[in-house]
Ligand code: ADP
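In the UniProt record's numbering, the protein residues as written are 85 to 344.
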């Protein structure tokens, strides 16, 4: 025996169908919007170093080349703009591969203490130029094994340590700590004693191309993509990065990794 109104059932089914389609349309619209904004951001970011390099080179062609001092200065500036362009393109490729999930992770047993020491060594001249000192603090002895993609986790640590130097004060201290958090996890922190990040910017620094001080970041050769890349890589490690910052005291980034 059939009960109820057959039209009501049909009506409900149509309603559910329309709601589902509407959701799909909304998602497509959002993706399209994201794509459009991304393209606009990228073109803008690419234009800046290209225009700068063009400007220097054309000024040289127009006669500045005859003055040895000006020539050397402009050539160096043009080279710097092109280096910035190169860094930007590399970061863009990495970010787009991470965002589309194209970049396969290769998980391995890696010694994060060794990685940190190597980065400190690599960044020594950058740190020296700013009289920054590096320190690794850990109660753990010997290698500190974690399960991670070695190349990608090196990139995460490099970006964070480099930022700590770039945005820290001259004569500042950068401290990396490695400590156990429970049985399964290792807590990594990267801390500086720089000027800190104003609270209103904190939630946005992981967005692509977001910079607190645009000129400072550009001056330091920043692409504005470093922290977006960090976030994606850690995401692929099922980890989340958090930041604590106090004005005039410093900034601390922290995340967990699986111990191995
Ligand atoms: P950038 O290429 O500009 O360095 P990032 O994505 O690495 O881009 O960082 C985004 C912004 O966050 C930087 O432009 C800077 O303003 C801010 N920032 C990052 N790390 C620090 C830090 N340790 N101290 C202060 N500000 C920082």
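Every residue gets a Cβ at the ideal spot worked out from N, C-alpha and C, and that includes glycine.
Minimum Cα-Cα distance from residue 249 among the listed residues 276, 332, 174 and 219 corresponds to 276. The Cβ atoms of residue 216 and residue 272 do not sit closer than 8 Å to each other. In this structure, the ligand ADP has no non-hydrogen atom nearer than 7 Å to the beta-carbon of residue 338. Setting aside the 5 residues that flank it on each side, residue 328 is surrounded in the same chain by 336, each with a C-beta closer than 6 Å to its C-beta; the list follows chain order.
Between residue 243 and residue 310, the beta carbon gap of about 4 Å places them in contact (Cβ cut-off 8 Å). Distances from the CA of residue 287 to each of 322, 260 and 326 were compared; the closest alpha carbon is that of 326.
Of the heavy atoms belonging to the ligand ADP, none sits nearer than 7 Å to the Cβ of residue 284. In this structure, residue 253 has its CB at a distance of at least 7 Å from all heavy atoms of the ligand ADP.
Runs of the beta strand (DSSP E) spanning 3 or more residues and lying entirely within the stretch 214-291 occur at 217-221, 229-233, 257-265 and 269-276, in chain order. Taking every protein chain shown into account, the CB of residue 101 has fewer than 16 other CB atoms within 10 angstroms, so this residue is exposed.
Of all C-beta pairs linking the stretch 163-177 to the stretch 192-201, fewer than three are shorter than 8 Å, placing the two stretches out of contact. Going by beta carbons, residue 240 and residue 197 fall outside the 8 Å limit. Residue 153 and residue 146 have their C-alpha atoms some 15 Å from each other. Burial of residue 165 is indicated by the presence of at least 16 other C-beta atoms within 10 angstroms of its C-beta. Contact between residue 148 and residue 158 holds, with the beta-carbon distance rounding to 6 Å and staying under 8 Å.
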